[in-house]
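> Note that the protein sequences, when read in sequence, are chains R and X. If you're matching positions, the first sequence starts at -1 in our numbering and goes up one per residue. If you're matching positions, the second sequence starts at 10 in our numbering and goes up one per residue.
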Amino acid sequence: MKYEIVIGLETHVELSTNSKIFCSCGGHSSPIEPNDCVCPACAGMPGMLPVMNKRVVELAVQAGLLLNCEISKYTTFDKKSYYYPDLPAAYQTTQWFHPICKNGHVEVTTKDGTREIGIKQIHMEEDAGKLVHDEWTDTSMVDFNRTSVPLIEIVSHPDFRSADEVLTYLKNLKAMFRFAGISECEEGAMRCDVNISLRPEGTTELGVRTEMKNMSSLVSIERAIKYETARHMDALERNTEVLVQETRRWDDTKGRTFSMRNKETAADYRYFPDPNLMPIVIDDEWLGEIRDNLPASIEEKTAEYKDYGFGDKEIEMLISERGLCAILDAVVDGGISPKSAAAWILTECAGILRKNGELVGSLSIEPSKLVTIIKMVEEGKINRGGGKKVLAAVLEKDVDPVQFCKDNSLDAQADEGAVAAVVADVIKNNQNAVNDFLGGKQKAFQALFGGCMKELKGNGDPQVIRSLLEKELEKLK
Amino acid sequence: MKYYISEINKDGTIAVDDTILVKGVLCSAGSHIMDGFEPLFSAEAVERLEKAGYKLSGKTNVGEFGLDLMGEFSYYGAVSEGGKLAGAAAALVKKGEAKAALNVDLNGSPRRAAALGGVDFIKPTYGTVSRYGVIPAACSGEQIGVTAASAEAAAEVLGVIAGHDDKDGTSLPQASYEYKTDEGVKGKKIAVISELFDAASDEVKKTVEAYAEGLKAEGAEVKTISLEEAKAAQLAWTVLSAAESCNNFSRYDGVKFGYRTPDYKNIDDLYVNTRTEGLNFLTKATVLYGSNVLSKGRYFDCYDKALRIRRLVSEKMAEIFKEFDAVLVPACGEASYEEYDIKEAFEKTYKEALFTAIPSITGIPAMATGGVQLMAAAFGESTLLSVAAAMERRG
Ligand SMILES: [Zn+2]
């Protein structure tokens, strides 16, 4: 019999906010010691009350818009109760009854074609802390830094039919959220619960389902899905075991899943509305504002850059980092042609960064400074070589480009004087080559030109050198 | 017999319930499980009092988490006056040892204590006094209120602590409130709810009747009405307050602060033994009841229904206040209470909730004064204080 794999995902994504979801503790990103980023509120102390971080709502709505969801006009928070040492108040604040986004969909394209994945809902919630086991003292310690960091959970319908689709979907989400500034999606900031079952092709009833929780590496997810598919297939085809609905743990080193049956009790989370958080009303005006603040999507940006005439390779590089797009867009807004802006960013800036062992994605420059440099070069105030020098100084020391040119005599005229002197020297010291040239050997010109370049140590503008050299040689004819 | 769990200033005049946090002063909430808990911050109401120049006298004894009738099941023992149960704060105010006291009203205990102790207690409209710094139990209805010897004194202190606070998401937007005590009684229309009146003992009925006669003599109109939903309000508030309390008390698990059992081998033992040893029978009963009404099969039949009743009772009360300025009812069923076995406590507090649940579940203001209870529409505190003041002047 042929079987069909049915997979549903619950994906947790850490939101990029400056503070936690219900208190003013800073976000998670700065590297700090355990329990540095904790206050009485996120430590679950009695007497503290949650105060909603508005930014979390806005980012969750933006995520919903990107996944074509309906945005709820009325959304509430609920308490989910369970005991665990990393959950300081013994409840997690989440959305159970009225999630913020519902009924979305997103397309995934794999080698098997394009299919639509339904999004059941997106809800906001707080993260839990972390338990650290100390082998030396055989004790468990709690780190509350991550407690109350804002998350969204994206619940898909069981619409995936292959590991490939799952990976494509997750990669798309990552790229989409990073590009929109919703989440940095750093290592571990995106975690998945994977539900998987098999059923005979052509049937609609769902088979016995197993769940693997809290998976963050794409490689592990792919391996785990393949392992589970094979295990289910064996059970169904060859009766190797009786499948039960359960949670299984993926062991990356052993390359297989293990039943967690013993640890799983029939959990009753006793959800109820949090009386300390007022319902949130998202009216049309606020929704409009949030929509307007949503940056262009990857597709929109790609289309825009295609219109600029950029090649696929250039577009791919730019799109990989929304910061690059922001710089490019600002430089274009500053009056530079898109092609020229892209060339300066992807060739000149990238070249300087590469020398320092950095990737172009990490580029950080005030766009107005880049505009000034490009204009000076294009208006002939400095030559391209000078422009590169200024750019390097701006990238390394954030200098003022105009002042730097003055201080280092990079303006074109001073440059021409220096070039003229070098040309005169080269002609004087290479009489053989000059004679060859005058005798009709064009190759000799290249030798003289190369000599000038060498003397100028690559600083001269090749155009200027060429024209001055031609002019001087003409005089000798 | 402990009136104060911790004393703060020898010359202080305001007592504060031990369910309200004062920075650096150990807070017990009347429970063993809070052993050694030293708050890192003060309640907003406390901050406001101190900023206005009031000095705190100390933290008053309360029943564990404020769940009982009036403090009889504190880990530190009950307070009694003349062989009868009394509230610690009400007794201190009555004796003139404190000018006023801040108390958390979640199940009517300070209202009951004031009515029986011969002083006033006002629970203002939900959301007017910040709950920041209140040991949480039934968050959707609990409010800090003021015990004082007179309506004027209660109005003065309430005026200091009321007003918007950003740190409490349910705090109402109005920055401050002005409470009047001079609106008088003449021409006011007062309703007596028969369901509450009929359920009280004869002695209590006599007190309510005498108060009603006084009101009439001052020119008020008093009329008996029926509120069919009174029993539903009592049950619904028990459901909601137990559920919320159960959830809020879960944080006392021996992991982070407070009491920890010496006897554990693993995390499950730590949880179970800490809570078994640290919580009293009434709290345990509340936790079990609350857990039950939130459980999978029961949520919609219990908790959700209670939320609907809350809305229904609010609508009914709003209708009553279209016609009447205030409601006059008993504050409790008996004229006095003696010590009793804790195993009866859950049933006993449930029974008493008939008299106190309506303001708790709907958020309207209520006042215990002259041995009775008055209620008014939301933001009707000045009506309550003025009626009480006029009756106190009458003597
Ligand atoms: Zn915090």
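From the three backbone atoms N, C-alpha and C, an ideal C-beta is built for every residue, glycine too. Computed from a prediction, not measured in an experiment: that's the story for all the values here.
Can you pull the chain R residues whose beta carbon is under 7 Å from the beta carbon of ASP262/X, in chain order?
Chain R residues near ASP262/X: TYR81 and ALA88.
> Only counting the same chain, and skipping five residues up and downstream in sequence, which positions put a Cβ closer than 6 Å to that of GLU319/R?
Only GLY359 meet the Cβ criterion.
> Please say whether GLY332/R and LEU368/R have beta carbons closer to each other than 9 Å?
Yes; because the gap between Cβ atoms is below 9 Å, this pair is in contact.
> Less than 8 Å between the CB of LYS128/R and some heavy atom of ligand 1, yes or no?
Not under cutoff, so the answer is no.
> According to DSSP, is ILE30/R helix, strand or coil?
Coil, per DSSP.
> Taking 9 Å as the threshold (C-beta atoms), are ARG284/X and ILE42/X in contact?
It is a contact, given that the beta carbons lie within the stated cut-off.
> Can you tell me the Cα-Cα spacing of ALA58/R and GLU68/R, whole angstroms?
Rounded to whole angstroms, ALA58/R to GLU68/R spans 12 Å at the Cα level.
> Do we get a CB-CB distance below 9 Å when we pair PHE50/X with the residues of chain R?
For PHE50/X, the answer is yes, since a Cβ of chain R falls inside 9 Å of its Cβ.
> Select from the segment 115 to 144 of chain X all residues with a C-beta closer than 7 Å to any C-beta belonging to chain R, and list them in chain order.
Listed by position, the residues of the segment 115 to 144 of chain X near chain R (Cβ gap below 7 Å) are ARG140, TYR141, GLY142, VAL143 and ILE144.
> Nearest to PHE143/R by alpha carbon, out of PRO277/R, LEU129/R, TRP284/R and ARG464/R?
Here residue 143/R is Asn; the residue named in the question, Phe, does not match the sequence. The option with the nearest alpha carbon to ASN143/R is LEU129/R.
> Any idea if ASP310/X is buried or exposed, counting beta-carbon neighbours within 10 angstroms, 16 or more meaning buried?
Exposed, by the Cβ-count rule.
> Excluding sequence positions up to five away, which residues of its chain have a Cβ less than 7 Å from the Cβ of TYR186/X?
Same-chain partners within the cutoff: THR137, GLY168, ALA171 and GLY172.
> Is LYS18/R near ligand 1 - that is, is its Cβ less than 8 Å away from at least one heavy atom of it?
Yes.
> For the beta strand (DSSP E) that HIS41/X lies in, which residues bound it at each end?
Here HIS41/X belongs to no beta strand (DSSP E), and DSSP marks it neither H nor E.
> Going by DSSP in three states, ILE5/R sits in which element: helix, strand or coil?
Strand.
> Does the Cβ of ALA226/X have 16 or more other Cβ atoms within 10 Å, making it buried, or fewer, making it exposed?
Its Cβ having fewer than 16 others within 10 Å, ALA226/X is exposed.
> Thinking just about the alpha-carbon of each residue, which of THR107/R, ASN66/R and HIS121/R is nearest to the one in THR485/R?
Lying before the first or after the last residue shown, residue 485/R is absent from chain R, which here runs from -1 to 475.
> Does the beta carbon of VAL206/R fall short of 8 Å from some heavy atom of ligand 1?
No - ligand 1 has no heavy atom lying nearer than 8 Å to the Cβ of VAL206/R.
> Please find out if some non-hydrogen atom of ligand 1 comes closer than 8 Å to the beta-carbon of VAL36/R.
Yes, ligand 1 has a heavy atom inside 8 Å of this Cβ.
> Relative to the C-alpha of ALA328/R, which candidate in LEU168/R, GLU364/R and THR300/R has its C-alpha closest?
With distances taken between Cα atoms, ALA328/R lies closest to GLU364/R.
> In chain X, which residues lie with their C-beta within 8 Å of the C-beta of ALA41/R?
LYS265, listed in chain order.
> Just verifying my parser: in three-state terms, what is the DSSP assignment at LYS404/R?
It is helical.
> Considering only the alpha carbon of each residue, which of HIS230/R, GLU312/R and LYS18/R lies closest to TRP342/R?
Looking at the Cα atoms, GLU312/R is the closest of the given residues.
> Give a yes or no on whether the C-beta atoms belonging to VAL194/X and LEU111/X are separated by under 9 Å.
Not closer than 9 Å, so no.
> For chain X, find out if any of its Cβ atoms is closer than 9 Å to the Cβ of ASN274/R; answer yes or no.
Yes - at least one Cβ of chain X is within 9 Å of the one on ASN274/R.
> When DSSP labels each residue in this structure, what does ASN433/R get in the three-state scheme?
Correct three-state label for ASN433/R: helix.
> Any heavy atom of ligand 1 closer than 8 Å to the CB of ALA157/X?
It does not: the Cβ of ALA157/X is nowhere closer than 8 Å to a heavy atom of ligand 1.
> Should THR245/R and MET188/R be called a contact, given that it needs their Cβ atoms to be closer than 9 Å?
Going by C-beta atoms, THR245/R is not nearer than 9 Å to MET188/R.
> Is the CB-CB distance between LEU78/X and CYS255/X below 9 Å?
Not a contact, by the Cβ cut-off of 9 Å.
> Going straight from the alpha carbon of ARG464/R to that of PHE447/R, what length do you get?
Whole-angstrom Cα-Cα distance: 7 Å.
> I'd like to confirm something about ALA87/R: is its beta-carbon nearer than 8 Å to some heavy atom of ligand 1, or not?
Checking every heavy atom of ligand 1 against the Cβ of ALA87/R, none is found closer than 8 Å.
> Figure out for me which residue from LEU196/R, SER218/R and LYS224/R has the closest Cα to the Cα of GLN243/R.
With distances taken between Cα atoms, GLN243/R lies closest to LEU196/R.
> Under the DSSP definition of a beta bridge, which residues are partnered with THR137/R?
ASP132/R, per the DSSP bridge assignment.
> Nearest-angstrom Cα distance between LYS304/R and MET315/R?
Distance between the alpha carbons of LYS304/R and MET315/R: 13 Å.
> By the criterion of Cβ-Cβ separation under 9 Å, what are the contact partners of VAL49/R in chain X?
In chain order: ASP175, LYS176, ASP177 and GLY178.
> Under the assumption that SER210/X contacts GLU343/X (Cβ atoms under 8 Å), give the Cβ distance between them as a whole number of angstroms.
At roughly 5 Å, the Cβ-Cβ gap stays under 8 Å, so SER210/X and GLU343/X are in contact.
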